[in-house]
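Everything in the sequence shown is counted per the numbering used here, starting at 1 for the first residue and increasing by one.
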Amino acid sequence: MSLSTHTTQDLLDQLQSGQLTSTELVTTCLDRIDAHDERIGAFLHFEREPALQQAAEIDRRRQAGGTLGALAGLPVAIKDNICANGTRTTCASRMLENFVPPYDAHIIERLRQADAVLLGRTNLDEFAMGSSCENSAFQQTRNPWDTERTPGGSSGGSAAAVAAGMTPLSIGSDTGGSIRQPAAFCGVVGMKPTYGRVSRYGLVAFASSLDQIGPFANDVTGVSRLLEVLAGHDERDSTSIDRRVPAYSQNLDQPLDGLRIGIAKEHFVEGLHPEVEQAVRSAVDVYRSLGAEIKEVTLPHSKYCVAVYYIVAPSEASSNLARYDGVHYGFRAEKFDNMIDMYSATRGEGFGDEVKRRIMLGTYALSAGYYDAYYLKALKVRRLIRQDFDRAFEEVDVIASPVTPTPAFKIGELIDDPLAMYLTDIYTISANLAGLPGVSLPCGFSSEGLPIGLQLQAAPFEEERLLRAARMYERETDWHTRRPAMNSNSAS
Ligand code: GLN
């Protein structure tokens with residue numbers, strides 16, 4: 001069997017009917033990882049035996065007629081910044097290279113309750129800071145569509161693993177686009193839920209007011225099934241909201257009558273690749289042909305998103321990362337003279353360049369004399385950005401836009417120009433600043449054969465409508481069924 005021809009729903013159906021066992025499915029994934037991951041580098045580490053044991057256990061329980069969870073027997077790969085009891089969680093950083101958490105993140109508990117099989121841990125930019133996986137301290141993940149190119153980031157490993165058929169489902173985190181951008185670059189579906197929809201308990205914090213965990217799959221149905229398991233209240237995250245979780249996958253195939261789609265002129269600006277613009281506009285035409293009403297909306301403060309994000313996120317990061325001091329967690333330098341020297345040697349050796357850059361930016365923005373001019377000002381503009389969306393969502397149900405200004409860029413192309421790298425987040429950051437749900441879904445290919453993503457955003461807690469709108473498009477098109485031609489490890 002091959003994952004490339006099966007959707008999540010097919011696999012669940014086959015598992016339920018007994019046509020397929022979880023052991024067979026997990027073995028297929030592990031074989032695929034063996035055959036291709038030396039070249040793709042999606043996984044940082046995985047443990048074959050525990051995954052196979054978990055699968056065998058689920059198969060046994062199914063045969064015995066026991067009740068099983070919603071994802072029973074289905075493999076899920078986890079971004080390596082989410083804690084799982086007894087499993088190394090590195091954040092792709094030397095700082096946490098040997099960190100083994102003594103507890104499960106909320107979403108790991110949920111996945112275990114759903115009887116999903118935890119397949120392995122995927123690569124990311126160090127502490128989720130980046131857009132290309134080039135900031136991982138351990139390896140470069142390559143884009144399965146073109147291995148010269150990045151898979152995006154920071155959840156590049158999770159996106160590449162699904163695109164390469166190594167797992168049907170994976171988990172990422174999105175602080176400024178880290179689920180949606182790699183989903184777009186790798187031609188899969190990725191979703192950032194509303195802030196507060198999924199508990200952040202056990203997610204290693206980057207920027208706590210922006211971070212949100214979310215699903216990847218090959219199609220909207222897969223993402224919906226996974227979100228149903230991840231979403232829900234958790235007292236251990238004070239920002240988790242106590243609100244009913246709709247059965248997202250249930251009415252997914254019912255088209256939305258009278259859907260109103262917003263298009264913002266601020267999303268079609270200089271720097272947008274003509275082929276991306278073309279693909280997104282064609283996607284909007286598909287909605288028009290399905291009877292949706294297309295309306296112009298305005299998001300006047302969009303031009304400040306990147307600036308605001310790159311003050312707020314580093315500020316929060318500089319505070320969150322203060323805990324890595326060589327005492328509480330992880331790595332400690334070997335040579336030092338005194339305590340202060342120990343801190344600085346540990347942090348100097350344990351963090352990579354981008355993480356240090358963020359800590360310096362954030363510490364500067366928060367320091368006395370600059371706090372009002374930078375951090376406080378950024379918070380005020382953040383509120384205006386949210387208000388733009390509140391107004392827009394009085395007029396429309398969903399806003400359609402590009403996910404990224406260009407298709408996947410080449411490895412090395414932007415790494416020496418941090419500002420150019422930051423600008424690639426231009427269309428995704430606003431959802432984090434405003435706390436909105438956003439989904440990225442395949443909507444075409446560039447002339448070079450690279451996937452292009454369509455972003456849909458909705459008002460907070462409108463995931464159900466958002467996913468139904470996404471599915472409406474997906475049903476009319478076949479972009480999500482295309483798969484990269486995979487050569488094996490040996491063929492360069
Ligand atoms: N690319 C953005 C950054 O570097 C977003 C990262 C993320 O969402 N984790 O901060």
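Ideal Cβ placement from N, Cα and C applies to all residues, glycine included.
Can the beta-carbon of residue i be found less than 8 Å from the beta-carbon of residue j?
i: Glu464; j: Pro246; result: yes
i: Pro437; j: Gly453; result: no
i: Ile429; j: Tyr309; result: yes
i: Leu199; j: Glu228; result: Residue identity check: residue 199 is Ser in the sequence provided, not Leu. The answer is no: Cβ separation not under 8 Å.
i: Trp145; j: Gly348; result: no
i: Pro407; j: His233; result: no
i: Gly176; j: Ala313; result: yes
i: Ala400; j: Ile261; result: yes
i: Ala392; j: Val284; result: no
i: Arg32; j: Met166; result: yes
i: Thr506; j: Phe185; result: Nothing can be reported for residue 506: it is not among the residues displayed for the chain, which extend from 1 to 492.
i: Gly202; j: Ala105; result: yes
For residue i, is the beta carbon positioned less than 7 Å from some heavy atom of ligand 3?
i: Thr404; result: Of the ligands one can find in the structure shown, namely ligand 1, none is ligand 3.
Measuring straight from C-alpha to C-alpha, what distance separates residue i and residue j?
i: Asp80; j: His301; result: 34 Å
i: Thr7; j: Tyr324; result: 41 Å
i: Leu52; j: Asn338; result: 48 Å
i: Glu395; j: Ala431; result: 18 Å
i: Leu379; j: Arg386; result: 11 Å
i: Trp479; j: Val189; result: 11 Å
i: Gln139; j: Glu293; result: 46 Å
i: Ser315; j: Phe268; result: 29 Å
i: Asp257; j: Gly291; result: 8 Å
i: Val276; j: Glu334; result: 49 Å
i: Ile263; j: Val280; result: 10 Å
i: Ala207; j: Arg382; result: 14 Å
i: Ser490; j: Asp416; result: Unreliable placement is indicated for Ser490, whose pLDDT of 48 sits below 50; no coordinate value is reported for it.
i: Glu47; j: Arg244; result: 35 Å
i: Arg288; j: Asp397; result: 14 Å
i: Asp237; j: Ile179; result: 21 Å
i: Ala459; j: Glu49; result: 43 Å
Does any heavy atom of ligand 1 sit closer than 7 Å to the C-beta of residue i?
i: Met129; result: yes
i: Ala205; result: no
i: Ala160; result: no
i: Asp425; result: yes
i: Ala313; result: yes
i: Gly177; result: yes
i: Ser173; result: yes
i: Ser154; result: yes
Ordered along the chain, which non-local residues of its own chain (more than five positions away) have a Cβ less than 7 Å from that of residue i?
i: Ser22; result: Leu15, Ala55, Ile58, Asp59, Gly73 and Val117
i: Arg482; result: Gly187
Excluding the 5 residues flanking residue i on each side, which residues of the same chain have their C-beta closer than 8 Å to its C-beta?
i: Glu354; result: Asp125, Glu126, Met129, Gly130, Asn135 and Pro418
i: Arg94; result: Ala137, Phe331, Glu349, Gly350, Phe351 and Gly352
Please go through the same chain and pick out, in chain order, the residues whose beta-carbon is closer than 6 Å to the beta-carbon of residue i, but skip the five residues on each side of it.
i: Leu366; result: Ser315 and Tyr375
i: Asp115; result: Ile58, Leu68, Gly69 and Ala72
i: Glu148; result: Lys410
i: Leu414; result: Ala420 and Met421
i: Ala161; result: Ala42, Ala77, Thr122, Thr167 and Ser170
Mind pulling the beta strand (DSSP E) runs of 3 or more residues that sit fully within the segment 437-462? 438-445 and 451-458
Runs of 4 residues minimum, wholly inside the segment 12-58: which ones carry the alpha helix (DSSP H) assignment? 22-40
Residue ranges of each alpha helix (DSSP H) run of no fewer than 4 residues wholly in the segment 156-224, ordered along the chain? 156-163 and 180-186
List, from N- to C-terminal side, the beta strand (DSSP E) runs of 3 residues or more that fit wholly inside the segment 363-429. 398-402
Fully enclosed by the segment 266-296, which alpha helix (DSSP H) runs are 4 residues long or longer? 274-289
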